[in-house]
Amino acid sequence: GLVSAGNTGALMALAKVLVKTLPEIDRPALGAIMPSARGDVVMLDLGANVACDSRNLVEFAIMGDAFARAVLGLPNPSIGLLNVGSEELKGDDRVRQAAEILRADTGINFYGFVEGHDITAGTVDVVVTDGFTGNIALKTGEGTAKLIGDIMRQSFSATFLSKISALFAMRALGRLQRRIDPRRVNGGVFLG
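Here our numbering is used: the first residue of the sequence shown is 21, the next is one more, and so on.
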C-alpha cells in the first residue's frame with residue numbers, strides 16, 4: 021500500500037510504472053465512498069483520468085462493482101453511468117458505447133444512465149464517470165456540504181431564540197455534520 025497527499029496525476033503515473041495495473045486494466049481509477057439518502061455510494065473516477073474512452077468506463081464499472089462488494093459488503097451492487105440524462109439517446113458516443121457493453125454479458129448489475137441528483141439520492145450503489153466530471157461532482161458536493169453547514173451555523177446564531185433552539189437540536193446537528201463531512205471517507209483509493 022501507498023499513502024499520498026500529493027499530486028494525483030503524479031501518483032497515478034508512478035503507480036502505473038512501479039505497481040502496474042491488474043491484467044486487462046488499462047488505467048486505474050480514483051474511487052471513494054460518498055453519502056447518499058440510501059446509504060453509502062461508491063463513485064469513480066474522481067480525477068485520475070480526465071479523458072476516458074468507453075473501455076475505461078467499462079473497466080471502472082467492473083472495479084467499482086468489486087470495490088462495493090468487498091468494502092460495502094453488497095452482494096449485487098447496482099452500477100450507473102453518470103450522464104447528462106437518463107434517456108438512452110443522451111450523452112456522447114463513448115458513454116453510449118460503454119452502456120451497450122455493460123448491458124451485454126459483463127456479469128454486473130447495470131442499472132443504466134444516472135444524473136447528478138442520483139448520486140445523493142442513492143439511485144445506484146456505484147456511479148461511474150470519467151475523472152473530469154467525477155472531480156467536478158466531488159468538489160461540488162463538498163462545497164454544498166460546507167455551504168449548508170455555514171448557513172445552519174449562521175441561522176442558529178442569528179438571535180437569542182435561535183441559539184436556544186440550537187441547544188435542543190445539538191445532537192441531531194452533530195449527526196448531520198458527521199454524515200456529510202467529506203473527511204469521513206479519508207480520501208480516495210486507486211482501483212485497478
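Each residue gets a CB set at the ideal place from its N, CA and C atoms; glycine is no exception. Remember, it's a predicted structure, so these values are computed and weren't measured experimentally.
Exposed unless 16 or more other CB atoms sit within 10 angstroms - verdict on residue i
{"i": "Pro97", "result": "buried"}
{"i": "Ile99", "result": "buried"}
{"i": "Leu4", "result": "Lying before the first or after the last residue shown, residue 4 is absent from the chain, which here runs from 21 to 212."}
{"i": "Met63", "result": "buried"}
{"i": "Ala124", "result": "exposed"}
{"i": "Gly154", "result": "buried"}
{"i": "Gly127", "result": "exposed"}
Whether residue i touches residue j by CB criterion (8 Å)
{"i": "Leu50", "j": "Phe210", "result": "yes"}
{"i": "Ile139", "j": "Val70", "result": "no"}
{"i": "Gln197", "j": "Gly169", "result": "yes"}
{"i": "Leu122", "j": "Ala88", "result": "no"}
{"i": "Ser106", "j": "Phe133", "result": "yes"}
{"i": "Ala90", "j": "Met32", "result": "no"}
{"i": "Met83", "j": "Gly212", "result": "yes"}
{"i": "Ala141", "j": "Ser24", "result": "no"}
Inter-residue Cα distance where the pair is residue i and residue j
{"i": "Asp112", "j": "Asp85", "result": "23 Å"}
{"i": "Gln117", "j": "Asp73", "result": "9 Å"}
{"i": "Leu109", "j": "Ile53", "result": "29 Å"}
{"i": "Gln58", "j": "His137", "result": "Note on residue identity: the sequence assigns Arg, not Gln, to residue 58. Between Arg58 and His137, the C-alpha separation is close to 13 Å."}
{"i": "Thr143", "j": "Ser182", "result": "35 Å"}
{"i": "Ile156", "j": "Ala165", "result": "14 Å"}
{"i": "Arg75", "j": "Pro95", "result": "24 Å"}
{"i": "Asp150", "j": "Glu120", "result": "17 Å"}
Extent of the continuous beta strand (DSSP E) run through residue i
{"i": "Leu77", "result": "Leu77 -> not in any beta strand (DSSP E); alpha helix (DSSP H) instead, spanning Ser74 to Val91."}
{"i": "Ser98", "result": "Ser98 to Leu102"}
Delimiting residues of the alpha helix (DSSP H) encompassing residue i
{"i": "Ile45", "result": "Run containing Ile45: none; DSSP gives neither H nor E here."}
{"i": "Leu38", "result": "Looking at the DSSP string, Leu38 is not in any alpha helix (DSSP H), and its letter there is neither H nor E."}
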